[in-house]
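Working notes, structure below.
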Amino acid sequence: MLNIPLMSDNIQKEDVNALISFLKETNRFTQGPKVREFEQVWSEWLGVKHSLFVNSGSSANYITMAVLRDLYGEGEVIVPPIAWSSDIASVFAAGHTPVFVDIEKKNLAMQEKEILSHITDKTRAVFLTHVLGFKGLSGPLLKALRERDIPLIEDVCESHGAMMDGQKCGTFGLASNFSFYYAHHMSTIEGGMICTNDDRFYQYCRLYRSHGMVRESTDENFKADIARQYPDLRPEFLFLVPGYNMRSTELNAVIGLNQIKRLDANNKRRAENFKLFLDNLDPKKYFTDFDIEGAVNYAFVLLLREPDDAMFQRVTEALRENGVEFRRGTAGGGNLARQPFVRERLPGFDPASLKNAEFVHSYGFYTGNYPDLSEEKILSLCKLLNAI
Ligand SMILES: Cc1ncc(COP(=O)(O)O)c(C=O)c1O
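Per the numbering used here: the sequence shown ends with 393, consecutive numbering throughout.
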């Protein structure tokens, strides 16, 4: 038995101790100084002007898509089929139409050429996911989007610390979203972050996080201006946008502040682990040509080299029998365009037209990659897989 879970020990005793100490001292439990401190520390770590702590990565998605609509208008949003359900659900929820484009196998991210060829005058944004620790962006794509004036929103929920050209993913677009769910690079148990360098986008995100209330803004001129426009309403209860309550708590921020201290060292281990895994996997049986430059994978992505249903079944059984926890289809379970909530809303779209996403859906897995996963276990896992 190999006994490799998807994640191990992501909330540690020292996090719990930090929380206990905090609880003994504080009388402020939600949305206060610790949340602000965590946002500041995160902004410094990432290299952005603003960060906004929310209660999940999905909340970050819902807020950014709503703000995109309010500031740029309703329209089409280019999305990947390999991502997470809320990357698509949030697009629908904000009244936009998702436009799927196929992915590359090398990083499971959307194909550049496909993105560019799907841009129309209705395109409001490209909502790109950096999947399972890979960087999903390239310099030429970024340049092409800037030339066409198309906002980029980065979902970095699975790729905290991934780099492109020496700069962290999540700093390139109009906004970026992170998740701190237990299984990710770092955890606040549940939690998420929206990051941006755009002042206006940030102020609107603040409103959406807290019921749409104008008093949540930190821009005094903006607040005064809105208050003047609505003299019949009290400034302390002025709901400008149809907001949510997606705030997190001081408790989660305390855990985040403790966790971020370990993030870079953990990521280094994860990158080393994944390289060891790929170096020892049989390239005749498995796809090993991933683009791992700048990648920080919290999972081992396993793709069969050839479309072979019997082999897929054998791998499934071998992982199960050896206590290796896994997910089939990689991120989000595979081709999201196949999911019922998408098919219902895009009845004319054929999910099978996304050829690489279909391959990953049918012949892809991921297994856990956590910092204290031993070299011995990684090599045993490769041996097990190579023998199939
Ligand atoms: C790519 C991606 N985006 C968004 C999310 C949503 O994050 P959360 O689970 O914090 O809502 C996830 C979730 O795991 C994800 O993998």
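Ideal Cβ positions, reconstructed from N, Cα and C, are used throughout, including at glycine.
Taking residue i as the reference, which of the options has the closest Cα?
{"i": "Q172", "options": "A300, E322 and G248", "result": "A300"}
{"i": "K4", "options": "N278, T293, G338 and G334", "result": "Given a span of 6 to 393 for the chain in the structure shown, any question on residue 4 remains unanswerable."}
{"i": "E225", "options": "E241, D237, D284 and L150", "result": "E241"}
{"i": "G141", "options": "E326, A304 and E298", "result": "E298"}
{"i": "R151", "options": "F139, L179 and G138", "result": "L179"}
{"i": "H189", "options": "E119, D237, G138 and I231", "result": "G138"}
{"i": "R274", "options": "Y375, E363 and A342", "result": "Y375"}
{"i": "N182", "options": "F58, L268 and H123", "result": "F58"}
{"i": "F346", "options": "W89, T69 and K54", "result": "W89"}
{"i": "S13", "options": "K118, S385, T125 and E330", "result": "E330"}
{"i": "R153", "options": "M168, D160, D126 and M169", "result": "D126"}
{"i": "D313", "options": "F364, P288, S91 and K148", "result": "F364"}
{"i": "R74", "options": "N8, K39, F305 and P156", "result": "P156"}
{"i": "D160", "options": "M168, S184 and A149", "result": "S184"}
{"i": "D204", "options": "L286, I158, C162 and S56", "result": "S56"}
{"i": "T321", "options": "A342, P356 and L386", "result": "L386"}
{"i": "Q17", "options": "E195, G175 and Q264", "result": "Q264"}
{"i": "E349", "options": "P38, P10 and F97", "result": "F97"}
{"i": "S143", "options": "D296, A357 and G353", "result": "D296"}
{"i": "V2", "options": "I87, S91 and I194", "result": "Here the chain covers residues 6 to 393 and nothing more, so residue 2 does not appear."}
{"i": "P288", "options": "N302, N271, L307 and A276", "result": "L307"}
{"i": "G196", "options": "F27, P352 and C162", "result": "C162"}
Can you give me the Cβ contacts of residue i inside the same chain, cut-off strictly under 8 Å, excluding the 5 residues immediately before and after it?
{"i": "K290", "result": "L309, R310, M316, L390, N391 and I393"}
{"i": "K360", "result": "D107"}
{"i": "L268", "result": "W50, H165, G166, H190 and M191"}
Quick check: does the Cβ of residue i come within less than 6 Å of any heavy atom belonging to ligand 1?
{"i": "E163", "result": "yes"}
{"i": "G339", "result": "no"}
{"i": "Y186", "result": "yes"}
{"i": "T335", "result": "no"}
{"i": "S192", "result": "no"}
{"i": "T397", "result": "Coverage of the chain is limited to positions 6 through 393, which leaves residue 397 absent and any answer about it impossible."}
{"i": "G197", "result": "yes"}
{"i": "A149", "result": "no"}
{"i": "A88", "result": "yes"}
{"i": "G178", "result": "no"}
{"i": "G175", "result": "no"}
{"i": "D160", "result": "yes"}
{"i": "S63", "result": "yes"}
{"i": "A253", "result": "Position check: residue 253 holds Ser in this sequence, whereas Ala was assumed. Incorrect: S253 has no Cβ contact closer than 6 Å to ligand 1."}
{"i": "S181", "result": "no"}
{"i": "S91", "result": "yes"}
Less than 6 Å between C-beta atoms, sequence neighbours within five positions excluded: which residues of the same chain meet that for residue i?
{"i": "N15", "result": "Y187 and S192"}
{"i": "R220", "result": "E241"}
{"i": "K54", "result": "N202"}
{"i": "Q318", "result": "none"}
{"i": "M169", "result": "K140, L142 and G299"}
{"i": "R239", "result": "none"}
{"i": "R343", "result": "P356"}
How is the alpha helix (DSSP H) around residue i delimited, first residue to last?
{"i": "S230", "result": "The sequence as given places Asp at residue 230; Ser does not occur at that position. Where D230 is concerned, the enclosing alpha helix (DSSP H) stretches over E225 to Q234."}
{"i": "A258", "result": "E255 to N285"}
{"i": "E79", "result": "Run containing E79: none; DSSP gives neither H nor E here."}
{"i": "C210", "result": "D204 to R214"}
{"i": "G337", "result": "No alpha helix (DSSP H) contains G337, which DSSP labels as neither H nor E."}
{"i": "P145", "result": "G144 to E152"}
{"i": "F405", "result": "As displayed, the chain neither begins before 6 nor continues past 393, which places residue 405 out of reach and without an answer."}
Taking 7 Å as the limit between beta carbons, can you name the residues of its chain near residue i, skipping five residues before and five after?
{"i": "F206", "result": "V72, L76, L179 and A180"}
{"i": "F43", "result": "F58, A258, G261 and L262"}
{"i": "M6", "result": "N327 and G328"}
{"i": "I231", "result": "V219, L243 and L245"}
{"i": "I120", "result": "I83, V106, V131 and L146"}
{"i": "Y213", "result": "I68, A71, V72, V246, G248 and Y249"}
{"i": "G78", "result": "R129"}
{"i": "I93", "result": "V84, P103, L341 and V347"}
{"i": "F305", "result": "F279, F282, Y371, T372 and N374"}
{"i": "A149", "result": "L121"}
{"i": "P10", "result": "E330 and G373"}
CB of residue i to nearest heavy atom of ligand 2: below 6 Å?
{"i": "S358", "result": "No copy of ligand 2 occurs in the structure displayed; its ligands are ligand 1 alone."}
Kindly indicate the opening and closing residues of the beta strand (DSSP E) around residue i.
{"i": "F370", "result": "G369 to G373"}
{"i": "R129", "result": "T128 to T134"}
{"i": "P38", "result": "First-last for P38: P38 to L51, but that is the alpha helix (DSSP H), not the beta strand (DSSP E)."}
{"i": "S184", "result": "A180 to S184"}
{"i": "T201", "result": "G197 to T201"}
{"i": "D160", "result": "L157 to D160"}
Taking 7 Å as the threshold (beta carbon to beta carbon), is residue i in contact with chain B?
{"i": "V40", "result": "Given the protein chain composition of this structure (a single chain), no chain B is represented."}
Problem set entry | Validate contact between the stretch 63-76 and the stretch 106-114 using beta carbons, cut 8 Å, 3 pairs | no
Exercise. Counting Cβ pairs closer than 8 Å, one from the stretch 124-132 and one from the stretch 73-87, do we hit at least three?
Worked result: Yes: the two stretches touch, three or more of their Cβ pairs being nearer than 8 Å.
For this session: For the stretch 19-34 and the stretch 243-260, state whether three or more C-beta atom pairs, one from each stretch, are separated by less than 8 Å.
Result: yes
Problem set entry | Any 3 or more C-beta pairs closer than 8 Å across the stretch 334-345 and the stretch 369-386 | With the cut-off at 8 Å, the stretch 334-345 and the stretch 369-386 touch.
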